[in-house]
C-alpha cells in the first residue's frame, strides 16, 4: 500500500459491501453475490487488478446499458457432456459462474463437462471459475476471448485478444495448483500499473501506436499493442478465439468492443468452462498424493542463484489468500475513494473502515 | 536437402515401406499401419524431426523390450464422456490413435470426449492425433508428458518435460488451424539439429550441465536443460504433468526415462486426447465460415517490416503437406542409409528409390 491512509478490510465485510453496491445498481440478490464474490475472490488471491478496483466500471456497464441488469441466461444447445449458454448480456462473472456450475454437474455424471457461453461480457480473473471445480475434487479449466489488445505474431497492431486461460487442480497438503495466464508477454493490468507509476517497461512487452517497440507503458492505452508470448502465445490466443469466440457464435477479434470504455455497448464475447472428474480416472486420495509429490520433486530442483524457491503455479496466490483471510484485504486509498463516491451515488452505506 | 544424393519419395511408398518395417519388427498389420502413418504424417507436414528419422529408435524399443510388440490396450475406467486406457506398453502412437478414436466416438454422442492413457510410450507429434478430429468436424486436442528435459522456472536442472500440446480445428477454404507446441522456448529437435550442424544457439534456449546459460547446443545432450517459455510455459508444463501424468496414474517428471536411449525400459508416461463436436454448439458451415474470417482478419493486420504474411498456426505445415503429397517427401541421405541398414537387418525389401 502506497499511503498511510490505505485501509485493510475484512473480506466478508467487503463482500457484503460489494454485493450491496451491485444490488443498488439493479442486480438481483443472487447475481449481486456472485459478482461480489468474483471481485473479492480476485483481491483475496492478490490479483488486485481484477478485484474491487473494477467494480465502478462494471456498475457503469449496468448503468449505461452495455450489460443487462435483468439478464436471463438460457441454455441454447445441450448434449450430455456439453452445453451452450446465451448470457443475455449479463455481467460476465454471472454467466461464467453458471457455466462452470453446469460443467461440474455434467462432469459428475459424464466424467467431463464442457459448457461454453455466448452473448456475454468481460469475466475478470479466469482462475475464479477454474477453481469452482476444486471443492468437487475436479480439475477446472476456464478460457475467454476479449478485447483485441494484442498484436498477432509478426503484426504491429492490436488485432487479437490476449485471451486468458486458467487451470486449477487440487493437491493434498499444499494449496491448489492454479495457473491463470494471459497470452501476452505481460498482462495489460501490469502495463497500466506501470503507466500510472510513470515507470519504464522492458522493450518487448508493448508496441506503440506507431507499431514500434516502446518502453513507455502509456503507449498501450494510446493505441499500442501488447506483444504475444512468442508465436506459441499467439497460437494459443488463436485457439482462444476459436473455442470461445467461433465455436460459441460470439464476437471475435476486432468485433469485440472495449468493456472498460464502451460501457453502453454489448461486448458479445464468449468463454468456455470445463470440469474433469478425477475419480473417473484415479482414486482422489492417490491423485492428491501424487500432486504433493509433484510439488516436492519440482522444489528439489537446483535453483538459479537468487531464486529462493521453485514455485508451483498459484502457490504465491494461495499464500496471499490464506494470509488475507486473516489479515484482511489491502484497499489502496484511491480505490477506496472511488468506491465511497459510488456508494454515495447509489445510496449504499459504506463500511466505517473504508472512510 | 543437403546432398545431391538425398532422395524424394512418394508418401504412399514410404508408408508401405515403414509399415513393412514395423511388421518385420513384430507388430500386427493394423498397428504397423498406425505407426507408419504417424511417422509419415509428421514428415508430410514438414516436421521431419518427428518423422521417419525416428523409425530406427522405435524399432529398437520393440527389439529391446522397452515397448511391447503384442500389446493389448485395455479400457481401465470409463464414464459416458471419458475413459482411461492402459496402453500395455504399446508404442505410443498406437495407444494415442486408439484414444483419439475413442474420444471422437464419445464426442459424437456426448458432445465431448476425453480419453487419457497410462502405461504408454513416446507418442511423437501431437498434431497427428489432434487432427484425427478434423474429418469428423470436431476440434481435437492432444497433450502428453515425457522425458524431463526442461528446467522449471527458476531452476537450473532438467526436472520437467516440455510436455507438448496440440490443438486442431477445421476451416472452410483455408487449411485446418493446427497448433503443436512444446512448452520450452525452443523444441529439443531444433537444438539437436543445431548441434549436428555445429551452429550456435541464442542464450536463453538452453542451460548447460553446469546450470549456466549456453550458446552451445551440444550442452543439451551433455546433461543440460531446455529453458521453459517463461513462467507461463512452465505453468502449462506443470498442467501437462497433472493431466497426462498424475490424472492417469502414470510416471511424472524424473520418473519418466528417456525413450531415445533407454530402449529396454518402459516409459510409463501418459497422454490425453479430447474431441469436441462442433455441431453441438453451432452449425458446422457457420463455424468454418467464421474460421475463414479469423484468417482474413488476422492477415489484414499491418506487419512488422520484413514479415511477408501473418500466419495462422499450422498454415505453413498445411502448405508443406499439400505440396509433398504431389512432389514427394524429401529423405536426407543419412536417414535413407539408416533405414536401408535396418531394412536389410529386418529382411524387408527397400524401395528402389531409397537406394
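Chains as they are written, first to last, in my numbering: chain E, 742 to 1096; chain X, 742 to 1096. Just so you know, even glycine gets a beta-carbon here, dropped at the ideal spot from N, CA and C.
Could you tell me which chain E residues have their CB closer than 7 Å to the CB of residue i, listed as they occur along the chain?
{"i": "residue 891 of chain X", "result": "The premise fails here: residue 891 of chain X is roughly 10 Å from chain E at the closest Cβ pair, so nothing lies under 7 Å."}
{"i": "residue 818 of chain X", "result": "1021, 1022"}
{"i": "residue 918 of chain X", "result": "979, 983"}
{"i": "residue 845 of chain X", "result": "Neighbours of residue 845 of chain X on chain E: none; closest Cβ ~13 Å, over 7 Å."}
{"i": "residue 1048 of chain X", "result": "895"}
{"i": "residue 1054 of chain X", "result": "976, 979"}
{"i": "residue 922 of chain X", "result": "973, 976"}
{"i": "residue 1140 of chain X", "result": "Since the first residue of chain X shown is 742 and the last is 1096, residue 1140 of chain X is not available in this structure."}
Under 8 Å Cβ-Cβ, which residues of chain E neighbour residue i?
{"i": "residue 1044 of chain X", "result": "895, 896, 897"}
{"i": "residue 952 of chain X", "result": "1043, 1045"}
Cutting at 6 Å between CB atoms, please list the residues of its own chain near residue i, excluding the five before and the five after it.
{"i": "residue 1021 of chain X", "result": "852"}
{"i": "residue 805 of chain X", "result": "1004, 1005"}
{"i": "residue 772 of chain X", "result": "835"}
{"i": "residue 743 of chain X", "result": "Annotation note: pLDDT 48 at residue 743 of chain X (below 50); position unreliable, no value reported."}
{"i": "residue 1083 of chain X", "result": "797"}
{"i": "residue 803 of chain X", "result": "766, 767, 810"}
Would you say the beta carbon of residue i is closer than 8 Å to some non-hydrogen atom of the ligand ZN?
{"i": "residue 1027 of chain X", "result": "The model on display carries no ligand, and the ligand ZN is accordingly not part of it."}
One question on the structure: do residue i and residue j come within less than 9 Å of each other, judged by their Cβ atoms?
{"i": "residue 784 of chain X", "j": "residue 752 of chain X", "result": "yes"}
{"i": "residue 978 of chain X", "j": "residue 899 of chain X", "result": "no"}
{"i": "residue 856 of chain X", "j": "residue 881 of chain X", "result": "no"}
{"i": "residue 890 of chain E", "j": "residue 799 of chain E", "result": "no"}
{"i": "residue 1059 of chain E", "j": "residue 888 of chain E", "result": "no"}
{"i": "residue 975 of chain E", "j": "residue 1054 of chain X", "result": "yes"}
{"i": "residue 808 of chain X", "j": "residue 830 of chain X", "result": "yes"}
{"i": "residue 828 of chain E", "j": "residue 812 of chain E", "result": "yes"}
{"i": "residue 896 of chain E", "j": "residue 1048 of chain X", "result": "yes"}
{"i": "residue 1051 of chain E", "j": "residue 1061 of chain E", "result": "no"}
{"i": "residue 780 of chain E", "j": "residue 810 of chain E", "result": "no"}
{"i": "residue 942 of chain E", "j": "residue 927 of chain E", "result": "yes"}
{"i": "residue 1033 of chain X", "j": "residue 913 of chain X", "result": "yes"}
{"i": "residue 902 of chain E", "j": "residue 994 of chain E", "result": "yes"}
{"i": "residue 932 of chain X", "j": "residue 958 of chain X", "result": "yes"}
{"i": "residue 911 of chain E", "j": "residue 1040 of chain E", "result": "no"}
{"i": "residue 892 of chain E", "j": "residue 832 of chain E", "result": "no"}
{"i": "residue 750 of chain E", "j": "residue 1067 of chain E", "result": "no"}
{"i": "residue 790 of chain X", "j": "residue 924 of chain X", "result": "no"}
{"i": "residue 883 of chain X", "j": "residue 837 of chain X", "result": "yes"}
{"i": "residue 885 of chain X", "j": "residue 981 of chain X", "result": "yes"}
Please report whether the beta-carbon of residue i lies at a distance below 9 Å from any beta-carbon of chain B.
{"i": "residue 989 of chain X", "result": "Among the protein chains of the structure shown, namely E and X, there is no chain B."}
Which residues in the same chain as residue i place their Cβ atom closer than 7 Å to its Cβ, once the five residues preceding and following it in sequence are excluded?
{"i": "residue 872 of chain E", "result": "881, 909, 917, 919"}
{"i": "residue 777 of chain X", "result": "756, 759, 760, 763"}
{"i": "residue 869 of chain X", "result": "779, 782, 783"}
{"i": "residue 921 of chain X", "result": "866, 867, 868, 905, 907"}
Anything in chain X within Cβ reach of residue i, meaning under 9 Å, just list it in chain order.
{"i": "residue 970 of chain E", "result": "970, 971, 973, 974"}
Using a Cβ cut-off of 9 Å, pull out every chain E residue sitting near residue i, in sequence order please.
{"i": "residue 993 of chain X", "result": "1031, 1034, 1035, 1038"}
In chain X, what lies closer than 8 Å to residue i by C-beta?
{"i": "residue 1028 of chain E", "result": "987, 988"}
{"i": "residue 945 of chain E", "result": "The contacting residues do not exist; residue 945 of chain E stays about 11 Å from chain X at best."}
Residues of chain X with CB under 7 Å from residue i, in chain order?
{"i": "residue 857 of chain E", "result": "1022"}
{"i": "residue 908 of chain E", "result": "980"}
{"i": "residue 901 of chain E", "result": "1039"}
{"i": "residue 1051 of chain E", "result": "893, 895, 896"}
{"i": "residue 1017 of chain E", "result": "855"}
Leaving out five residues on either side along the sequence, give the residues of the same chain with a beta carbon under 8 Å from the beta carbon of residue i.
{"i": "residue 850 of chain E", "result": "821"}
{"i": "residue 1085 of chain E", "result": "1091"}
{"i": "residue 847 of chain E", "result": "821, 822, 823, 824, 853, 854, 855, 856, 1016"}
{"i": "residue 787 of chain X", "result": "1057, 1058, 1061, 1062, 1065"}
Worksheet item: Taking one C-beta from the segment 810 to 818 of chain X and one from the segment 1078 to 1089 of chain X each time, how about it: are there three or more such pairs within less than 8 Å?
Response: no
Fill in: Within 9 Å of chain E by C-beta, residues of the segment 806 to 833 of chain X in sequence order
817, 818, 819, 820, 821, 822, 823, 824, 825
Item to complete: Report yes or no: do the segment 856 to 872 of chain E and the segment 1012 to 1019 of chain E share at least 3 C-beta pairs separated by less than 8 Å?
Response: yes
Worksheet entry | At least 3 beta-carbon pairs within less than 8 Å: the segment 945 to 964 of chain E vs the segment 976 to 990 of chain E | no
Worksheet entry | Proximal residues, the segment 867 to 885 of chain E versus chain X, C-beta separation under 8 Å | 880
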